[in-house]
Structure formats: structure tokens, C-alpha cells
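Numbering (full-length UniProt numbering), first residue to last: 1 to 409.
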């Protein structure tokens with residue numbers, strides 16, 4: 001019979017189509033001993049002749065050959081895209097057999113001690129689509145090289161799995177920290193989630209010893225250090241000034257104050273009204289890509305730190321960028337990290353800040369400037385963000401700048 005294209009039922013020209021006997025043979029490319037064992041419809045361009053024809057070839061890569069179709073009929077290709085009904089006699093989606101596909105699973109999770117002997121429970125979620133409805137299992141391992149252990153209610157009454165959700169109450173660092181993997185299965189197949197890192201964190205109390213006062217000279221700059229605190233966690237710091245009650249120090253409203261990520265409070269130009277007792281507050285936070293097991297995160301407040309303001313002459317100095325600046329957080333940044341570069345100057349206010357790269361490189365297009373431009377933020381650092389960054393401080397008495405080299409691992 002006549003050979004036809006399935007797309008539009010048009011006739012296939014058979015001028016170059018091999019006979020049945022030829023189609024059952026194999027042809028060897030002379031000199032190279034390469035067997036050409038596929039007959040393909042291909043485009044031939046000899047310079048003077050451009051045409052489509054049947055010929056011998058071999059499959060080098062999937063989908064490596066072409067077929068001709070009128071442009072007006074290309075919509076049929078898209079129409080023929082298969083869904084899960086392909087090969088079945090029903091259009092009822094509830095009757096289609098589908099292997100499991102995990103659509104939701106938890107971020108890396110941090111559980112912690114809220115108070116003495118009270119540890120937050122944590123929940124890991126896993127949701128998958130599939131038909132029949134998938135069932136779930138959870139596995140834990142100390143690291144990627146360790147054997148997996150199934151986590152289920154058989155381990156104890158504090159373990160529960162409900163529709164893919166794993167909840168562990170009264171967890172311990174020794175037993176429950178590690179890598180967790182969700183497994184979803186049905187009669188069609190089994191899939192696993194990416195590993196979820198579960199870690200234990202804690203934040204101790206500040207020492208109960210009294211803190212020595214800090215002396216500052218009127219109209220000069222000062223650094224007030226937060227008490228050291230024992231922690232296995234990332235910490236955010238805030239400061240409060242004791243007046244009638246505790247009043248938050250708000251650098252966003254008064255640029256003479258600056259709270260560094262290292263926990264210190266800086267005052268660029270001390271005023272007599274700054275003489276007071278200050279408290280440092282440390283709060284547990286999560287990193288980018290992590291979540292805390294509870295919204296009720298621990299915070300600790302320090303003993304009062306007295307600031308004494310001593311007499312001084314009218315301020316005619318500055319701006320003076322302090323020796324520790326610019327400084328990076330984290331101190332050893334890696335590609336993909338949220339990198340923050342801080343800059344702070346003492347001197348007569350107002351002081352205005354700006355940044356530039358001294359090595360000729362371009363700023364990351366996602367770069368942000370926060371806290372009166374004293375903080376340059378790269379949300380997700382790239383290798384090409386490595387380079388020399390310059391902070392420029394401009395005040396009533398002049399302009400100064402300092403540079404620092406950002407190295408990314």
C-alpha cells in the first residue's frame with residue numbers, strides 16, 4: 001500500500017525509500033568499520049542541492065534526526081503531548097495510574113531548648129501526588145555515609161507519622177539530630193526527598209556578674225560591647241536604653257547609633273542625653289534556607305551596662321572610619337552565602353556613606369544597601385563578587401574611605 005505521514009495523512013514520496021530487502025540489511029561505512037543500521041529521513045545539503053531524502057545512518061544521540069512537517073500543522077505536535085491518560089481508555093483523572101512525585105518537603109530544621117529541660121518538638125512535612133495514593137516512610141542517618149534507620153512509632157511514643165508529616169516530641173540531640181529523608185511509595189514506584197538536616201541549637205543565659213561601666217567623651221564616638229554569651233546558634237542583637245522603662249535603640253530613626261552583627265553598639269557622636277544604662281538582647285535566629293522548630297524563640301537580656309559621658313570640646317573632627325571596618329559577615333564567606341559588609345565612622349553628624357569596587361569589577365546586580373548605607377548586602381554571593389570594596393564616609397569636616405578585600409570560597 002501507499003506509505004503516509006501520520007501527522008496529516010499525506011503521501012510519502014518513495015523515490016528514495018529502500019525496498020523491504022534493503023531495510024533488513026546493515027551497511028558498513030567504508031574504512032571506519034562503523035555500522036550504519038538505521039534508515040532515517042534526513043536533510044541533505046551539498047551546496048548545489050538541498051533536499052530531504054531517505055538514507056542510512058546510525059543513532060548518535062536521542063532525538064538526533066528531523067522530520068518535515070508543514071508549519072500550519074505544528075499545532076498537532078503540541079496537541080499530542082501525553083498526560084497520564086495515555087494508553088488508557090478513560091479520561092477520568094482519578095483512574096489514571098501515576099507514580100509518586102514529592103511536591104513539598106521541609107527546610108533544614110533547628111530544634112532547641114526553650115527553658116531548662118524543655119525542648120521544642122519539631123515537625124517535618126512531606127507531601128506527594130500519585131495514584132494510588134502514596135504512603136510514606138521516614139529515614140534518619142547521622143551523615144551521608146552512615147546507614148539509614150527507619151523512623152516510626154516503633155521507636156517510641158514520641159514519634160508519630162500522619163499522612164507524610166513526621167512529628168517528634170521531646171527530641172534529643174544525641175538521638176534525633178541528623179539527616180532525614182522522606183520516601184513516598186505506591187504500586188507504580190518509589191521516590192525520595194532531598195535530605196533534610198535537623199540540628200540542635202541552644203542559647204544560654206547571660207552571666208550574672210555586674211558589668212563595668214563604659215566611659216565616653218562628649219561629641220566623640222564610643223563602642224559599647226555586649227556581654228559574651230554561650231550559644232550554639234546564630235544570634236541577632238538588639239539594644240535597649242533604660243529611661244523610665246526600657247526603650248529600644250532604633251538606628252533606623254537616629255543614624256548616630258549603629259548595631260553591628262557582632263553585637264556591639266556604636267555611637268558616632270555621643271551626646272549628653274546618651275548617658276544611661278543599656279541592655280543587650282540576644283535572640284536565636286535561623287540562617288537562610290533553615291527554619292526554627294517554633295516561633296517562640298529564646299531571647300536573653302544582659303545585665304545593665306552603664307555609659308558615662310565625660311566633658312569634651314565641640315566636635316570638629318571626623319569622619320573617622322574605625323579600624324575594624326569594613327568588616328564581613330560571615331567572617332569566612334562562601335559562594336551562595338548572604339554576605340554583609342559593614343562600615344562605621346565616628347565624627348560630627350551627619351555622616352553619609354557610599355560604596356564602590358576598587359578592582360574594576362561590577363557590583364552584584366542584587367546588591368542592597370541597608371541602615372543608612374552602612375551595610376552592603378549581597379543576598380547570594382557569586383564567585384565574581386570576589387574583589388576590593390571601598391566604603392566612603394562623607395561628613396561636615398571632609399571625606400574618608402577604607403577598603404577591604406572580599407574573598408569567597
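The beta carbon of each residue, even a glycine, is placed where N, CA and C say it ideally should be.
Exercise. Compare the C-alpha of residue 110 against each of 376, 305, 126 and 285 and name the closest.
Key: To locate residue 110, count along the chain shown from 1; it is residue 110. Of 376, 305, 126 and 285, the residue nearest in Cα terms is 285.
Quiz item: Thinking C-alpha only, which one of 132, 73 and 119 is nearest residue 296?
Solution: In the chain shown, counting from the first residue as 1, residue 296 sits at position 296. Checked all of 132, 73 and 119; the closest Cα to residue 296 is 119.
Exercise. Report yes if the C-beta distance between residue 107 and residue 290 is below 8 Å; otherwise report no.
Key: Position 107 of the chain shown, counting from 1, holds the residue named residue 107. Position 290 of the chain shown, counting from 1, holds the residue named residue 290. Taking 8 Å as the Cβ cut-off, residue 107 and residue 290 qualify as a contacting pair.
Quiz item: Taking the alpha-carbon positions, what's the residue 409 to residue 377 distance?
Solution: For the purposes of this step, residue 409 is taken as the residue at position 409 of the chain shown. For the purposes of this step, residue 377 is taken as the residue at position 377 of the chain shown. Each residue's alpha carbon lies about 17 Å from the other.
Quiz item: Do you know how far the Cα of residue 293 is from the Cα of residue 121?
Solution: Counting from 1 along the chain shown, the entry for residue 121 is found at position 121. Counting from 1 along the chain shown, the entry for residue 293 is found at position 293. If I take the Cα positions, the gap works out to 7 Å.
Quiz item: First and last residue of the beta strand (DSSP E) that includes residue 295?
Solution: One-based indexing of the chain shown puts residue 295 at position 295. First-last for residue 295: undefined, no H or E at that position.
Practice problem: Measure the C-alpha to C-alpha separation of residue 112 and residue 397 and round it to an integer number of angstroms. | Solution: To locate residue 112, count along the chain shown from 1; it is residue 112. To locate residue 397, count along the chain shown from 1; it is residue 397. Rounded to the nearest angstrom, the two C-alpha atoms are 49 Å apart.
Exercise. Under 7 Å Cβ to Cβ from residue 260, same chain only, skipping five residues before and after it: list those, please.
Key: Here residue 260 refers to the residue found at position 260 of the chain shown. Taken in chain order, the residues that qualify are 266 and 342.
Quiz item: If we count the other Cβ atoms within 10 Å of its Cβ and call it buried at 16 or more, is residue 193 buried or exposed?
Solution: In the chain shown, the residue the question calls residue 193 occupies position 193. Buried.
Self-check item: C-beta contact flag for residue 177 and residue 198 at 8 Å
Solution: By 1-based counting over the chain shown, the position of residue 177 is 177. By 1-based counting over the chain shown, the position of residue 198 is 198. Yes, they are a contact pair.
Quiz item: If you follow the beta strand (DSSP E) that residue 113 is part of, which residue opens it and which one closes it?
Solution: The residue given as residue 113 occupies position 113 in the chain shown. 108 to 115 is the extent of the beta strand (DSSP E) around residue 113.
Quiz item: DSSP state of residue 91, grouped into three classes?
Solution: Start at 1 with the first residue of the chain shown, and residue 91 comes out as number 91. Coil.
Practice problem: Note the first and the last residue of the continuous alpha helix (DSSP H) segment covering residue 174. | Solution: As a working mapping, residue 174 is identified with position 174 in the chain shown. Element bounds for residue 174: 173 to 176.
Quiz item: Apart from the five residues just before and just after residue 402, which ones in its own chain have a Cβ nearer than 8 Å to its Cβ?
Solution: Sequence index remark: in the chain shown, residue 402 carries index 402 (1-based). Excluding residues within five positions, the ones whose Cβ falls inside 8 Å are 321, 325, 326, 343, 390 and 391.
Quiz item: What did DSSP end up calling residue 344 once you bin it into helix, strand or coil?
Solution: Locating residue 344 in the chain shown gives position 344, counting from the first residue. DSSP places residue 344 in coil when its eight states are reduced to three.
Quiz item: With DSSP run on the structure shown, which of helix, strand or coil describes residue 273?
Solution: What you label residue 273 is simply residue 273 of the chain shown in a count that begins at 1. Helix.
Quiz item: Quick one: any contact between the segment 126 to 146 and the segment 183 to 193, if contact means 3 or more CB pairs under 8 Å?
Solution: yes
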